[in-house]
Structures are given as C-alpha cells and as structure tokens.
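This report refers to the structure that appears directly beneath it.
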Amino acid sequence: MKIYVPRDAAARGLGADDVAAAILAEAGKRNIPVELIRNGSRGMVWLEPLVEVASDAGRLAFGPMTPADVPALFADLAQHPKALGLTEALPWMAKQTRLTFARVGVIDPLSLADYESHGGLVGLRRALTMDSAAIVAEVTESGLRGRGGAGFPTGIKWKTVAEAKADRKYIVCNADEGDSGTFADRMLMEGDPFTLIEGMAIAGIGTGATKGFVYLRSEYPDAIEVMTAAVEIARQSGLLGPSVLGSGKAFDMEIRTGAGAYVCGEETSLLNSLEGKRGIVRAKPPLPALQGFMGKPTVVNNVISLATIPVIFEKGAGFYKDFGLGRSRGTIPLQIAGNVKHGGLFEVAFGLTLGEIVDVIGGGTATGRPVKAVQVGGPLGAYFPRSLFDTPFGYEEFGAKEGLIGHAGLVIFDETADMLKQARFAMEFCAIESCGKCTPCRIGAVRGVETVDRIAKGDTGAIPLLTDLCNTMKSGSLCALGGFTPYPVMSALTHFPDDFSPAMKEAAE
Amino acid sequence: MTQTSTEIAARVGEILDAHEGVEGALLPILHAIQAAYGYVPRDALPIIAKRLNLTRAEVHGVMSFYHDFREDPAGKHVLKLCRAEACQAMGGDRVAQHAQNRLGIEWHETTKDGRITLEPVFCLGLCACAPAALVDGKVVGRVDEARLDAIIEGVR
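The listed protein sequences correspond, in order, to chains B and E. Here the first sequence stands for residues 510 to 1018, numbered as in my numbering. Here the second sequence stands for residues 9 to 164, numbered as in my numbering.
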C-alpha cells in the first residue's frame, strides 16, 4: 500500500504526525507493507490531515483524518467514513489551474527523482541552452509580475541585473512571508522545494549571478527544515554547485533564517538584514538591481515569482501569458483564510471576482454568519465590504478600488468584526514593526493609534485628523509599511463608518 | 574573568570560527549562539564585535532590532500565540486573553515557576486553520480555549 500523509505545517498543526504514526502502527499490527510518503498539502486546509491512498484509478482522498479513522483504511476503502473519492476529482482541485503548484501535494518533496518525473528540471535544461538575453526575454514575454505584492515586471528586474557590470551578482529570494492570511510561500517550500531551487538557478544563469540566498522567516521551522535538506540534495546531485547539471555554469545557494522582523519582507530592509545589519529600509535609488546585497547587482524576487519560472521555461512564455486578465498575466495562488468555511490555497488565472472567491470557493464564513469584510493583501491591504465583491482579482483592478492584491492572501471576517478595532490594530502593528528610519511611519503610526483611540471614545472630530495623518503616511513614508498602513485604516473608515461613530455603534448594539 | 565568561568566550569563539568567511554572518552567528544558550549572553557581544570588526553598540543594535533574540533565558517552554488578522477573525484575541488569565502573565513574561514563557507572534502561515500557536517550535492549528489548556497541561 502506498499512503500519503502531508508534512505541511498546516497538516501537522492539525495532527498529521499522529495520523502518520497510527498508520505505521496499524500496518505493523496487520503485517501489511506500507510505503508512507510525507507529501506537501493539496491546499484544502479544512480537510487536513488529508490522507491519500494510491489506487489503480488514482489517488483516493480521506479527511479530515484522526488516528481513530486509521484502522478503517485497511478495510473496504469505499466504506471509509472519511472517504472523499478521487483527489483530482474533488471540486476544489478540478476548478484550479495549477501551474506553480502543479507538484505541491503530489510528489515527495525531497525526492529529486519524483520531481523530475513530474516535469521538474525541464525548464532549467532548456534555459541552459539559451543565452542570457534570451532567458530574460522569455521572462519578460511571460508577463510575470512580482508575486510578493509590488507587482513589478520580473523580466525588467532581471534585465537590469543581467546588463549590470560587476564581479559578483546575487539572486535573493524573499521568503519573509509575514503577511497574515498568506502561506503560499510556506506551502511551496514545504511541498516542492526543488521548484524554487530550479527557478533560482535559472535566474542565476540568466543574469550572471552565481550565488543565491533564500531569506526565510524564523516563524516557518518546517519550511526551513525542508529547504535546507533540499539544497543539500541539490548540491549532491549536481543541480547546484560549480557546474549546474554539467553545464559548466556555476550557481549555489544558502538558506538564511530571519529573526522575527516584519519589515524585513521589504526588499531593501531584507538586504540589510542579510548583510548582518539592522533591518532598516534603504532609500531608493540606488535600486537593488544595481546596488543590492553587499552593493552588488541583485535580483530580489518573491518565492512564488521564482517558483513560477520553471513552468514558464518548461511550457513557454506564451503558454503562461495566455492565462489572466488585463495586465495581470498567468495564475495566482489565492490563499483563502481567516473566518472561512473552506480555507486553503487555490491557484487560478487572474480575473475571478472577490465575491466568487469568498462566497463560492471559500463557501462563506466558518461561523455561518454573514461576511462583513475581507482584508486582501495582508496587514497593509484594504478591507473590502460586500459592495465591492464584484471587483475582479487583478493588480490594477484592486488598485482602482483603493486596495491591493499584495501576496494574494484573503482574510475573511464575519459580522462580529469591529472595524475600528481592526483599524487600530493596523496602526499598532505598524508602530511595533516600523524600522524607525522615516518619520511618517515611526511617529505617524503611534499618533495613529492615539487618534483611533480618541475616535473610539466618541471624539468624531478626530476623524479628519486620522484621514490627514493617513495621507501623510501614504505619501511621505519610505516603504510600503508606513506607506500602505493607511489602506486598512482608510478602507475601514470609508466602508464601515458606523463602526467609527459611537451613536451608530450604540444603536446597533 | 569568571568561569562562566571563560566558558562563553570559548563557545562563542567556536561559533565564530564556524562562521568564518560567511557573507553577512551576524544574524547566523546570533541564531547559533541563541541555539546554544537559549538566549544571547551579554558577555558574547564584545567577543562578536571584536571578531567582526564592529563596535559593541552595532552588535547590540542588531540584536535588539529583531524580536527573536533574547537577552535573558526564556522559561522551560515557549508558547507563541499568533496575534495577526486571520487569527483575530477566528477568536484569537479571546484565546490570547484566556492564555494570559490561565498563566497569570502578560506578553513576554514567564510564569513564576519558570515553566512557560508567553510570546506574541505575527503570523505562522496557518491562516486557514486559525487561531495558531507555536509550542517549542511545533505548530498547532485551531487553538481554542480547550486546546490551549491541553497545550499548557502537556508541557511540564
């Protein structure tokens, strides 16, 4: 019997290790040989731990599993109380377009053979036959934009680094996925680490960089473990090192652990941290592409951007570009989280409306109460009310509604949410995490908390002051932390004014 | 030099040797020292500064910038509760309040018996099974009051 039990942190957090141990114990008791594979997660977090059993028809899913459900796996599978049918036929799976996440949950994350048998390394082998300009052109042609949140065209960034003259260049992967509601980077690194390694190797070969770093947040111990092991395997098998796949071209990489500073997800702050300094934001220019890590030309890309590179080279830029909407090309791994019935990761072409994502795919709230607001794009993203549920998921489309898609995390709140409290939290979070370099962020966030507190006490005259403060922070901050904190604050104030008015609040209660 | 500071000098020296040639080595060094001691002893700072050709103030500045590095030892177990929005949407604030009441401590404090240190964390990436916790580096999802009590009972 071949059985899959995810080793993804969400699955482990819901008891996957206990289920795996119970399977091995039960198999031993029955004297049945079992090949247990700890795969990544399929992304259906509400069904985790999701156990799969290989059959002639395909992989059969069972979930959410507990150790008590394990003995029945060794009887008639069709009669199992947690039987869900074929994994691939589940509506959540069938409705997706899995390009970046094609292998996540399918393969053994640390088996390079498994990786190759599912299309791995095809892209890198193709890139190795191309020159630098052709590699960069392929990325530009694909329309890929930075998946970390800024949405900057990846090809243009690579071109700048490729054309820069320097004795050393670097590829830095931003795996400091600090936004609440996002976990795509984590799932990818835990479920298919070689995709990221392959993407970084292509980036290195395309831009002339020979060294890469993954700056991985310390809050992700499982991802650190898998990535570290994968880099070691890649080195031993010649995927990394002085001659990548025997090409004579060098590329190697290191996994670096962050230390709990949210601001280090900002690229210049990340570079300072990687250099062993305080994670203080740098003013731009100079661009990191010209003067990045140690002052050398550096590509700084998000995990998902880099992990999407292999499929672009495997299937071609044209194939990738054909998915999407407007200037948002390709697919986006939506992370549906918070108070939601069906939470998890859903990769799909850009263009679904927010309402389809929340009500249809997510199935509404976990508590069963009406959805009040959805925060899209992490702690710096706007709160969207139901009246904006017709907004299509795309960079420009969300920008036009005073929001952002960020790293594509969606946090759903039911009607019990107090939006004034959420606005206060946004300011408080900015105050805690500000690096301190620029005044609008460092001082503004503290004043923001005080001003929201005044409003909470009934001083509605402070509302224009809060609006004014948000404008100052938005236009005067050096980076997105201070610059985008106004998004959640102003969207809460604009779309949920009743929560900021004591009279309305009392009437509601 | 006291015996402990001699011991620290030797062990920190070994850690520094192991990081020779590493680009931007300070964070990896601080992580390694914290892994060895459970915190970063004050006596380690001048040794690091000397080896990396930095001032003590610079090393202290880096260490104090990051939430992860401790100046003092933590309790026997460290319980981190996620405070971010996805967990708030699922009652994270209520669970956090319950934890503080139950343990009789505030954030960043350790119980009187030295058993548990309670810390806030901003996002563990378990946002689709919120609220989330990290117990001695092990993730736990869907933490309600009952599961939190079980966690506290489970670590001795």
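Idealized CB from N, CA, C, for every residue including glycine.
In this structure, the beta-carbon distance from residue 147 (chain E) to residue 521 (chain B) falls below 7 angstroms. In chain order, 31 make up the part of chain E whose C-beta sits under 7 angstroms from the C-beta of residue 803 (chain B).
With a threshold of 16 other beta carbon atoms within 10 Å, residue 116 (chain E) falls short and is exposed. When the Cα atoms are used, residue 106 (chain E) and residue 726 (chain B) turn out to be separated by approximately 28 angstroms. Taking the Cα positions, residue 562 (chain B) is about 21 angstroms away from residue 853 (chain B).
At a Cβ-Cβ threshold of 7 angstroms, residue 901 (chain B) and residue 1004 (chain B) do not count as neighbours. At a cut-off of 7 angstroms between C-beta atoms, residue 114 (chain E) does not count as an interface residue with respect to chain B.
Taking 4 residues as the shortest admissible run, the stretch 680-720 of chain B contains the following complete alpha helix (DSSP H) segments, listed from N- to C-terminal end: 693-700 and 702-716. Exclusion of the five residues before and after residue 886 (chain B) leaves 913, 914 and 915 as the residues of its chain whose Cβ lies within less than 6 angstroms of its Cβ.
Assignment of beta-bridge partners to residue 546 (chain B) by DSSP yields B:513. Residue 920 (chain B) belongs to the set of residues whose beta carbon lies under 7 angstroms from a beta carbon in chain E.
Ranked by how close their Cα comes to the Cα of residue 653 (chain B), the residues B:516, B:728 and B:812 have B:812 in first place.
Per DSSP, residue 923 (chain B) is one residue of the beta strand (DSSP E) stretching across 918-923. Separation of residue 1006 (chain B) and residue 814 (chain B) (C-alpha to C-alpha, rounded to the nearest whole angstrom) is 37 angstroms.
For residue 105 (chain E), the uninterrupted alpha helix (DSSP H) run begins and ends at 100-111, by DSSP. For the C-beta of residue 79 (chain E), not a single chain B residue is nearer than 8 angstroms; the gap to the nearest is close to 14 angstroms. In the DSSP assignment, residue 762 (chain B) falls within the unbroken beta strand (DSSP E) covering 761-766. Between the stretch 873-891 of chain B and the stretch 964-975 of chain B, the count of Cβ pairs shorter than 8 angstroms is below three; the stretches do not touch. A check of alpha carbon separations from residue 754 (chain B) across B:801, B:927 and B:631 identifies B:631 as the nearest. In terms of CA proximity to residue 694 (chain B), B:842 leads the group B:605, B:929, B:515 and B:842. With a beta-carbon spacing of about 4 angstroms, residue 1001 (chain B) and residue 932 (chain B) fall inside the 8 angstroms limit used to define contacts.
Nearest CB-CB separation between residue 943 (chain B) and chain E: not below the 7 angstroms threshold. DSSP places residue 641 (chain B) inside the alpha helix (DSSP H), whose first and last residues are 641-651.
Separation of the CB atoms of residue 551 (chain B) and residue 614 (chain B) is rounded to 4 angstroms, and the pair is thereby assigned contact status at 8 angstroms. Contact of residue 771 (chain B) with chain E is assigned, a C-beta pair being separated by under 7 angstroms.
Residue contact with chain B for residue 143 (chain E): absent (no Cβ-Cβ distance below 7 angstroms to any residue of chain B). In terms of Cα proximity to residue 142 (chain E), the closest of E:96, E:88, E:130 and E:112 is E:88. Taken through DSSP and simplified to helix, strand or coil, residue 838 (chain B) comes out as strand. Segment contact: the stretch 772-782 of chain B against the stretch 739-754 of chain B, fewer than three CB-CB distances shorter than 8 angstroms; contact not assigned. Taking a C-beta distance under 7 angstroms as the contact criterion, residue 783 (chain B) and residue 802 (chain B) qualify as a contact pair. In summary, residue 776 (chain B) is buried, with 16 or more beta-carbon neighbours lying within 10 Å of its beta-carbon over all protein chains present. Of all alpha-carbon atoms in B:619, B:873 and B:962, the one lying nearest the alpha-carbon of residue 546 (chain B) is that of B:619.
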